[in-house]
Every structure is written in structure tokens, then in C-alpha cells.
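Under the working numbering, read the sequence shown as residues 1 to 152, first letter to last. Glycine included, C-beta positions come from ideal geometry on N, C-alpha and C. A quick note: this is a predicted structure, and the numbers were derived from the prediction, not measured. Structure record follows, encoded as C-alpha cells.
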Amino acid sequence: MIGPTRHLVVGIGSAHGDDRAGWQLIDALISRQQHSSVELRKASVPHDMIDWMDTCHWLHIVDACESESVVQRLDCSQGQVAIENMTRSGGSHQIGVGNILELAESLGRLPQHVTLWAIPAKQFQANKEISKSCSSEVERCANLIQGELDHA
1 MIGPTRHLVV
11 GIGSAHGDDR
21 AGWQLIDALI
31 SRQQHSSVEL
41 RKASVPHDMI
51 DWMDTCHWLH
61 IVDACESESV
71 VQRLDCSQGQ
81 VAIENMTRSG
91 GSHQIGVGNI
101 LELAESLGRL
111 PQHVTLWAIP
121 AKQFQANKEI
131 SKSCSSEVER
141 CANLIQGELD
151 HA
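Now the structure itself:
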């Protein structure tokens, strides 16, 4: 078992336009990684991360969210997996992030701290590049997450 202060950052994404946001964020953090207590992973679907949760004390989940807003940060803690509508639906996933967190909680695998990062996205066309506006929000989110990791 890895130490209890370990952070896991999971970027959920695909090769469909702004849905690349989670993957691009992981790439951005890899290029500046300074902490051996931080693990960075890419996932294609939320249920990919269920087996990774046992290795961390703090889970950061990054995913694109169809929105006109800016990066949103949502905190969840054990026993409080009541997540806003944006994570309830599957979106482009058959099983959404909220559903996976509820499953992890029921299995006793939910980390002590969970932070969701929703990156605003507008276009999800197959095999398209990420938009400039979404890419800018990815960089902003990477800075916010890096700041939290630096102060953890």
C-alpha cells in the first residue's frame, strides 16, 4: 500500500475535440511534475479509475464538461457523494463520474478526499483537435491543480 498522503490525478478524455481536455491536462502536469507523491494517469472512461483509488489519499478527477463557464472545482468527501448534475449523467460516458464515485463509496474504496475539476468544453467532434478556448482552460486548471499539489 502506498502512503496515505499520495495524490492521484486522473484526466478523463478521448480523441474527440474538447474531450481531450483531461488528457491534455495530464500531459501539462507531467511536463512540470515535481512531486514523487503524485501519480498522474489518463483514463478513457470513468470506470478506469476504480482500481486506482486504493492507492491514494486524495483523488483529483479532471474531465471536460459541456459548458460556457470557466473551470469548476467541486469537493466531495466520504459520505457526501451528492454531486451536481454535470457529473450525474454519463455525458459521453455510459457510466458517469458521479456513478463511479457512488460505487467506490459503496465498496469502501473512495479516497478520503476527492476533488472534481470540470473544464468547460463546447465541441466534441470525432478526431478534431481541442479548441483554443478549451486548451486555455486546461492550462488554467493545470496551474490551479499544481498550486494545490505544491501546498499539500
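In terms of DSSP beta bridges, what is Lys132 paired with? The partner list for Lys132 (beta bridge, DSSP) is empty, contrary to what the question assumes.
Cβ pair Pro120, Cys76 closer than 8 Å: no
What are the complete alpha helix (DSSP H) segments, minimum 4 residues, inside the region 6 to 63? 21 to 31
Helix, strand or coil for Leu74, going by three-state DSSP, please let me know. strand
Bridge-paired residues (DSSP) for Ala118: Asp63 and Gln72
Could you check the C-alpha separation between Gln146 and Leu59 for me, to the nearest Å? 14 Å
Buried or exposed by the 16-neighbour rule on C-beta atoms within 10 Å, applied to Ser14: buried
Looking at the secondary structure, which residues open and close the alpha helix (DSSP H) in which Asn127 lies? Element bounds for Asn127: n/a, residue is neither H nor E.
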